[in-house]
Structures are given as C-alpha cells and as structure tokens.
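Down below is the structure, laid out as structure tokens.
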Amino acid sequence: MLGLFDYHVKASGTDIKAYYQEIYSCMSENCTKSAKYGLVFSFYEKLAAVLAGKADLGVRVKDAYDREEKEILKEISQNEIPDIICNLEEMKRIREEIWMTDAKPFGYELLDVKLGGVIL
Numbered sequence: 001m002l003g004l005f006d007y008h009v010k011a012s013g014t015d016i017k018a019y020y021q022e023i024y025s026c027m028s029e030n031c032t033k034s035a036k037y038g039l040v041f042s043f044y045e046k047l048a049a050v051l052a053g054k055a056d057l058g059v060r061v062k063d064a065y066d067r068e069e070k071e072i073l074k075e076i077s078q079n080e081i082p083d084i085i086c087n088l089e090e091m092k093r094i095r096e097e098i099w100m101t102d103a104k105p106f107g108y109e110l111l112d113v114k115l116g117g118v119i120l
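The working numbering applies: residue 1 is where the sequence shown begins, and numbers increase by one.
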C-alpha cells in the first residue's frame, strides 16, 4: 500500500490480477488431484488468491482517493479487503499445519509474526 511498485503495475501492461487468478485455478485443480500434496497446493491456492486480490489494489485505491470517489473506497474497504484478509488467515492456518507436520514448532514463530503482520 506504499505505492513503491505501483508504477510497475501500471507500466507493465500486464493484467497481474488475471495472472494470479490463473495460478489460483491451476492450484485449485491440483488440490483435488494429489492426496499427498493437496495441503501444499491448498497453501499456494490461497497465496494466489491473496496476490490476485492485492495485485492492483494499491493502484485502484490511490486512483479512487485522488478522484475523491468515496463509494469506490467504501466498496474496497468493506468487501475486497476483508476477502483478502480472510484468504490470508486461511493461508496462514494452512502454512502452520504444513510447518507443524514437517518441523514441529521449531522456528514457526518467525512465520507466525510475519504473516500475522501482513494480516494486520
């Protein structure tokens, strides 16, 4: 939300949101195909959902703010951001489950703090 990379999002000419939505679809398909790695695919599915939600969010918020479009800002703050947070929380839960299966609690506190910070 700092806008450091907003120029790159605009200048790339790429629909970054669509790119991450495509990855989301691919990961979603693989969740059901692989019993052994389903949880890992679920993690990356949620990560792709988060990135799709955030892809152009900063640009759209800044544009709406500059144009004083309060209804758009209200829509984003009441609908889009809570969806992103929900996906982040689920992603964090899945990541913790993967971690505890592989490494027990040792070292997870670092990921917990980082992902918790992103959620907040």
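For glycine and all other residues, C-beta sits at the position ideal for the given N, C-alpha and C.
Per-residue DSSP class, three states only, for residue i
i    : result
K104 : coil
R123 : Outside the shown range of the chain, which is 1 to 120, sits residue 123, and nothing can be said about it.
G117 : helix
D83  : helix
D66  : helix
D15  : coil
Extent of the continuous alpha helix (DSSP H) run through residue i
i   : result
L73 : K70 to E75
D6  : D6 to A11
Through-space distance from residue j to residue i, alpha-carbon basis
i    : j    : result
V40  : Y65  : 38 Å
I119 : C31  : 24 Å
R93  : G3   : 28 Å
L111 : D102 : 14 Å
E90  : S34  : 20 Å
V113 : R95  : 13 Å
V9   : N87  : 22 Å
I81  : K74  : 10 Å
N79  : S12  : 27 Å
A48  : Y24  : 5 Å
G53  : G116 : 18 Å
Extract the residue ranges of the alpha helix (DSSP H) inside the segment 19–61, only unbroken runs of 4 or more that lie entirely within it.
38–54
Evaluate the contact criterion for the segment 96–110 versus the segment 51–63: three or more CB pairs, one atom per stretch, below 8 Å.
no
Would you call the segment 67–76 in contact with the segment 7–23, where contact means no fewer than 3 C-beta pairs closer than 8 Å?
no
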